[in-house]
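The working numbering puts the first residue of the sequence shown at 4, with every later residue one more than the last.
Structure first, commentary second.
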Amino acid sequence: MGGWFSRKSRVTDHDRAVLQLKKQRDQLHQYQQRIKSLMDKEREMARSLLSEGKKDRARLLLRKKRCQENLLVRAQAQMDKVEELTHDLEFSQVQKEVVDSLKVGNDALKQANALFNIEEIEKIMEETEEGIEKQREIDALLSGTLSKEDEEDAERDLAALLTTTLPEEDFIENDPTTVLPEVPTDKLQTPEPLPAEQAVEVEKDRRGSSLSPKTKEKKRSSPSKKAEKIPVIAS
Numbered sequence: 004m005g006g007w008f009s010r011k012s013r014v015t016d017h018d019r020a021v022l023q024l025k026k027q028r029d030q031l032h033q034y035q036q037r038i039k040s041l042m043d044k045e046r047e048m049a050r051s052l053l054s055e056g057k058k059d060r061a062r063l064l065l066r067k068k069r070c071q072e073n074l075l076v077r078a079q080a081q082m083d084k085v086e087e088l089t090h091d092l093e094f095s096q097v098q099k100e101v102v103d104s105l106k107v108g109n110d111a112l113k114q115a116n117a118l119f120n121i122e123e124i125e126k127i128m129e130e131t132e133e134g135i136e137k138q139r140e141i142d143a144l145l146s147g148t149l150s151k152e153d154e155e156d157a158e159r160d161l162a163a164l165l166t167t168t169l170p171e172e173d174f175i176e177n178d179p180t181t182v183l184p185e186v187p188t189d190k191l192q193t194p195e196p197l198p199a200e201q202a203v204e205v206e207k208d209r210r211g212s213s214l215s216p217k218t219k220e221k222k223r224s225s226p227s228k229k230a231e232k233i234p235v236i237a238s
């Protein structure tokens, strides 16, 4: 801890120059304050002399006041130059720090670019393109070695696998070779109504055809249930 606080900071020539200019500026400012204070006192003295009738001495003090005003103007000009030079020095320090930062950044960028050699990158890209082209050639050769018969055999093998692994419905849906009947698009024709007598005959025939042979035979052998007409004897 003691070594940390006792370590002296590095003071450069630039820092000394800026410090000297600031001291000079403060001295000029103090000189202006003294001149202004003296001018105020001599103005009061000239006013007192005029009231006492001492006009010559009052005139002398006023002439001295004019000289002091010229000194104030010159001191202000000097102080302006000192201020400008101080700002220039401080700004030059800022510029130096900016340049140093740019230099450090440039060095870091050069080191980063050194890791990426242009020739090596181009070589890698060429090798990548060659690998892609070679793979395309291999794919083309493999696809070209199969004949039409081989392709058909492969399709049949696929269909056989589908029949053994998928239900029949899924197989029909997934098999592109399955031909399904087309849905009829024609309108259904409505049959024309039959006459009443013909409709009765058709209904009888339909009912008769629906009976079993035994029922038909029994019906033929059974006597008619119609009531016979009894003749009326006249008295």
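The C-beta atom is built at its ideal place from N, Cα and C for all residues, glycine as well.
The structure displayed is predicted, hence computed values, not measured ones.
Nearest-angstrom Cβ-Cβ length linking residue i and residue j, presumed shorter than 8 Å
{"i": "H17", "j": "M82", "result": "No, H17 and M82 are not in contact; Cβ-Cβ is about 21 Å, not under 8 Å."}
{"i": "A245", "j": "Q35", "result": "Outside the shown range of the chain, which is 4 to 238, sits residue 245, and nothing can be said about it."}
Span separating the alpha-carbon of residue i from that of residue j
{"i": "V107", "j": "F94", "result": "20 Å"}
{"i": "E45", "j": "V85", "result": "29 Å"}
{"i": "V76", "j": "D110", "result": "51 Å"}
{"i": "I121", "j": "L161", "result": "51 Å"}
{"i": "K58", "j": "K26", "result": "42 Å"}
{"i": "E136", "j": "K126", "result": "15 Å"}
{"i": "Q30", "j": "R50", "result": "31 Å"}
{"i": "M48", "j": "S54", "result": "10 Å"}
{"i": "D1", "j": "E140", "result": "Given a span of 4 to 238 for the chain in the structure shown, any question on residue 1 remains unanswerable."}
{"i": "Q23", "j": "R37", "result": "21 Å"}
{"i": "E123", "j": "T167", "result": "55 Å"}
{"i": "E158", "j": "D142", "result": "20 Å"}
{"i": "A163", "j": "T131", "result": "41 Å"}
{"i": "K151", "j": "L165", "result": "21 Å"}
{"i": "Q138", "j": "L112", "result": "38 Å"}
{"i": "E129", "j": "K99", "result": "45 Å"}
{"i": "V97", "j": "E87", "result": "15 Å"}
{"i": "L144", "j": "E133", "result": "17 Å"}
{"i": "C70", "j": "G56", "result": "24 Å"}
{"i": "F174", "j": "D153", "result": "Summary for F174: the model assigns pLDDT 49, below 50, so the residue's position carries little reliability; its value from the coordinates is reported in the next sentence. Rounded to the nearest angstrom, the two C-alpha atoms are 22 Å apart."}
Under 9 Å between C-beta atoms of residue i and residue j
{"i": "V14", "j": "L92", "result": "no"}
{"i": "R19", "j": "T89", "result": "no"}
{"i": "L74", "j": "A61", "result": "no"}
Any 3 or more C-beta pairs closer than 8 Å across the segment 97 to 104 and the segment 37 to 56: no
Meets three-Cβ-pair contact criterion under 8 Å: the segment 114 to 125 and the segment 58 to 66: no
Residue ranges of each beta strand (DSSP E) within the segment 71 to 122, 3 or longer: none
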